[in-house]
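Working notes, beginning with the structure itself.
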Amino acid sequence: MASGSATPAQAAAWLARDAVDSLPAGELERKLVSVAEQGRSLRVKLGIDPTAPDLHLGHTVVLRKLQEFQGLGHQVVLIVGDYTARVGDPSGRSQIRPLLTGEQVDANARRFADQAAHVLDVGEVELRFNGEWLDMATHELFALARTTTIAQLLERDDFAKRQAAHEPVSVLELLYPLLQGYDSVAVKADVELGGTDQKFNLLLGRDIQRAYGEEEQAILTMPILPGTDGVRKMSKSLGNEIAVLDRPEQIYAKTLRVPDDALAQWWELLCDEPPSPGLSPRDAKRTLARSLVARFHDEAAAQDAERAFDRVFVDHELPEEIEDASFHAGDGEVHLPALVAELFGMSRSEARRLQEQGGVRIGGAMLSGAELDLAPEMLDGQVLQVGKRRHRRLHRRG
RNA sequence: GGGGGGAUGUCCGAGUGGUUAAAGGAGACGGGCUGUAAACCCGUUGGCUCUGCCUACGCAGGUUCGAAUCCUGCUCCCCCCA
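Numbered per my numbering, the first sequence spans residues 270 to 667.
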C-alpha cells in the first residue's frame with residue numbers, strides 16, 4: 270500500500286498497477302513531482318453521465334481508483350454530466366442514444382451524487398455538474414468546435430465503424446468528446462480517469478486543454494467490468510448490472526450467477542486482495558458475493574444474504590420472507606394466468622405458457638397447463654411460485 | 001440539387017402473391033442436470049374470453065379471392081455524384 274511518504278515514482282506505479290493505460294508514458298509521475306513542488310495536490314477528474322438512474326458495480330471500478338487518489342491526499346473532482354447526458358455519449362455505442370428529458374437527467378443526476386457516497390468519501394469530493402459551464406453561448410461553442418478537426422474525430426473506432434456500417438453518426442455526437450474535453454478545461458484537471466472505452470475522449474481532452482492554454486491532463490484508463498452475463502459491459506440498459514443500491518439478497522444472488530469465466534476479472538477489478546489460492550470457483554464466488562454485500566451493506570447483511578440464498582437454492586425451501594399479494598375472487602374461480610400476469614408484470618399469454626411448461630407452482634405443487642381456473646380456497650394462504658425465484662403469498666380479498 | 005440502396009418480431013437476419021404469427025441465429029425465459037457457473041438435453045419466445053379469434057413485416061391508401069411480398073403517396077436512414 271502506498272502512503273504519503275511514497276516517492277512520486279512509487280505512487281505513480283501503484284496507482285497505475287491495475288490500469289490499462291497511463292498516458293502519456295511517465296506523465297502521471299511528472300505530475301506528481303510537479304504538484305509536490307508547487308505544494309498542492311492533483312486535481313483528479315472523473316465524469317459520469319447520469320443516463321441511467323443508478324450507479325452500479327461497473328462505475329465503482331473507476332470510483333475505487335478515484336478513492337485511491339483521494340487516499341493519497343489528492344483532490345477528487347467528480348463531474349455529474351447533467352448536460353452531456355442530454356447529448357449522449359457515443360462511446361461503444363452502435364447507434365444513437367435515445368434522448369432523455371431534462372427532468373429525467375436532473376433526477377438521475379441527484380441520485381448519482383447521493384449514491385457516490387456509498388463508494389467515495391464525498392465530504393472531500395468536489396462535486397460539479399457540467400451544466401454549470403456547458404450551457405454556453407453559441408460563440409463559445411463555436412470557439413470550442415474550432416479546436417478539433419473532423420479527421421481527429423473520425424479516427425475514433427466507433428465512429429469509423431458506424432460509418433463503415435452505413436449507420437448514422439450525428440453532428441451532436443461528434444461534439445460529445447469536445448464537451449467532455451471542455452469539462453477538463455473548466456475544472457483544470459491534472460488527471461482524468463475513465464474506462465478503456467473512454468480513451469479517445471480522455472486523450473482528446475488534452476488537445477482541448479492545450480487549445481485553451483491549459484496544461485494537459487494525464488489519463489488513466491481502467492478495464493471494463495463485464496456484467497452478470499460475463500460478456501458485455503455492465504450496464505443498466507443491458508440488464509446485466511448489479512446496482513450499488515441493490516438489496517443484499519440481490520447482490521448476492523446476482524453475483525453467484527456470474528459465469529466462472531468472468532470471476533477472475535471481477536476479483537481483480539472489485540477487490541483489493543486476490544482470492545485465497547486453492548479456493549474452488551464456487552467458494553471463491555461465494556466469498557466475492559459476501560464481500561460485495563458487506564461493502565454496500567454490512568457484514569451481517571452478507572451472512573443473511575448467503576443464508577437466504579442457500580435456503581432457497583441449495584435446500585430448495587421457500588424463502589423466509591415472501592411478499593404478500595392479494596387476489597380478487599368474486600364468486601367464481603380465479604383465472605391463474607391473469608393473476609400471474611398482474612403480479613409479475615407479464616402478459617396473460619406469457620403466464621399461460623409458463624404454466625404449460627411447469628413453471629408455476631401453488632404450495633410447491635407444479636400446476637399443469639390445464640389447471641387455469643382454480644377455486645379461491647386452493648389459493649388463499651398458499652405460496653405462488655413462478656420460475657425459481659419469484660414467490661408471493663396469496664391472500665383472498667373480496 | 002441529381003442518382004442509387006434500404007426500413008421484417010427483443011436484436012441480427014431469411015423471405016418478392018397463397019400450408020407465413022413469418023426460416024435460421026443470438027438473447028431471454030421455463031423444465032431437467034447443477035455450484036442460480038459452464039457444458040448439455042427438452043421446450044417456449046405478438047395478444048386474447050385459446051382446438052378458435054384478433055393484431056402484425058416503417059406510415060397511409062390501392063390492386064387481388066388472397067399481400068411482408070405488386071402499385072401510389074408519405075416518413076426516416078444509408079451511399080455515390082454535385
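Each residue gets a CB set at the ideal place from its N, CA and C atoms; glycine is no exception. Remember, it's a predicted structure, so these values are computed and weren't measured experimentally.
Would you mind sorting Q467 into buried or exposed? The rule is 16 or more other CB atoms within 10 Å of its CB. Looking up residue 467 in the first sequence gives position 198. Q467 counts as buried, since no fewer than 16 other beta carbons sit within 10 angstroms of its beta carbon.
With a 10 Å radius around its C-beta and 16 neighbouring C-beta atoms as the bar for buried, classify A482 as buried or exposed. Within the first sequence, the letter at position 213 stands for residue 482. Correcting the residue identity first, residue 482 is Gly in this sequence and not Ala. Looking at its Cβ environment, which holds fewer than 16 other Cβ atoms inside 10 Å, G482 is exposed.
Can you check whether the CB of L297 is closer than 8 Å to the CB of L315? Numbered from its first residue, the first sequence carries residue 315 at position 46. Numbered from its first residue, the first sequence carries residue 297 at position 28. Cβ distance not < 8 Å, so L315 and L297 don't count as in contact.
Contact check, K334 vs M503 under 8 Å by CB: the rounded distance? By one-based count along the first sequence, residue 334 stands at place 65. By one-based count along the first sequence, residue 503 stands at place 234. Going by Cβ atoms, the distance from K334 to M503 rounds to 16 Å, so no, they are not a contact pair.
Fully enclosed by the segment 278–366, which beta strand (DSSP E) runs are 3 residues long or longer? 290–292, 312–317 and 344–349
Taking the alpha carbon of Q449 as the reference point, which residue from R379, A553 and A354 has its own alpha carbon closest? Residue 449 sits at position 180 when you count from the first residue of the first sequence. Measuring from the Cα of Q449, the nearest candidate turns out to be A354.
Tell me where the alpha helix (DSSP H) around R621 begins and ends. Locating residue 621 in the first sequence gives position 352, where the first residue counts as 1. Looking at the DSSP string, the run of the alpha helix (DSSP H) that includes R621 is R617 to E625.
Determine the direct distance from the alpha carbon of L324 to that of H387, and round the result to whole angstroms. The sequence position of residue 387 within the first sequence is 118, counting from 1. The sequence position of residue 324 within the first sequence is 55, counting from 1. Roughly 10 Å separates the two Cα atoms.
Do three or more CB pairs link the segment 404–420 to the segment 375–391 at distances below 8 Å? Between the segment 404–420 and the segment 375–391, the count of Cβ pairs shorter than 8 Å is below three; the stretches do not touch.
Who pairs with G464 in a beta bridge, going by DSSP? For the purposes of this step, residue 464 is identified with residue 195 of the first sequence, where counting begins at 1. Partner(s): M491.
Beta-carbon proximity check, F613 vs V603, cutoff 8 Å: As a working note, residue 613 is residue 344 in the first sequence. As a working note, residue 603 is residue 334 in the first sequence. In this structure, V603 does not lie closer than 8 Å to F613 by Cβ.
Taking the CB atoms as reference points, tell me whether H664 and L587 lie closer together than 8 Å. Sequence index remark: in the first sequence, residue 664 carries index 395 (1-based). Sequence index remark: in the first sequence, residue 587 carries index 318 (1-based). Contact flag unset, no.
What is the DSSP secondary structure of L653, reduced to helix, strand or coil? Numbered from 1 along the first sequence, position 384 holds the residue referred to as residue 653. Of the three classes helix, strand and coil, the one that applies to L653 here is strand, per DSSP.
So what's D390 in DSSP terms, helix, strand or just coil? Here the question's residue 390 lines up with position 121 in the first sequence. Coil, per DSSP.
Beta carbon of G340 nearer than 8 Å to that of I317: Here residue 340 refers to the residue found at position 71 of the first sequence. Here residue 317 refers to the residue found at position 48 of the first sequence. For G340 and I317, no; Cβs fall outside 8 Å.
Could you tell me if the beta carbon of A455 falls within a distance shorter than 7 Å of some heavy atom in the ligand PLP? Looking at this structure, you won't find the ligand PLP or any other ligand, since it has none at all.
Here's the rule I'm using: 16 or more other beta-carbon atoms within 10 Å means buried, otherwise exposed. How should Q626 be labelled? Translated into positions along the first sequence, residue 626 becomes position 357. With fewer than 16 Cβ atoms within 10 Å of its Cβ, Q626 is classed as exposed.
Taking 8 Å as the threshold (C-beta atoms), are V346 and V456 in contact? Counting from one through the first sequence, the residue named residue 456 turns up at place 187. Counting from one through the first sequence, the residue named residue 346 turns up at place 77. Going by C-beta atoms, V456 is nearer than 8 Å to V346.
Just the Cα atoms here: how many angstroms apart are M270 and R630? Start at 1 with the first residue of the first sequence, and residue 270 comes out as number 1. Start at 1 with the first residue of the first sequence, and residue 630 comes out as number 361. Legend: pLDDT at M270 = 48, less than 50; position of this residue unreliable, no value from coordinates given.
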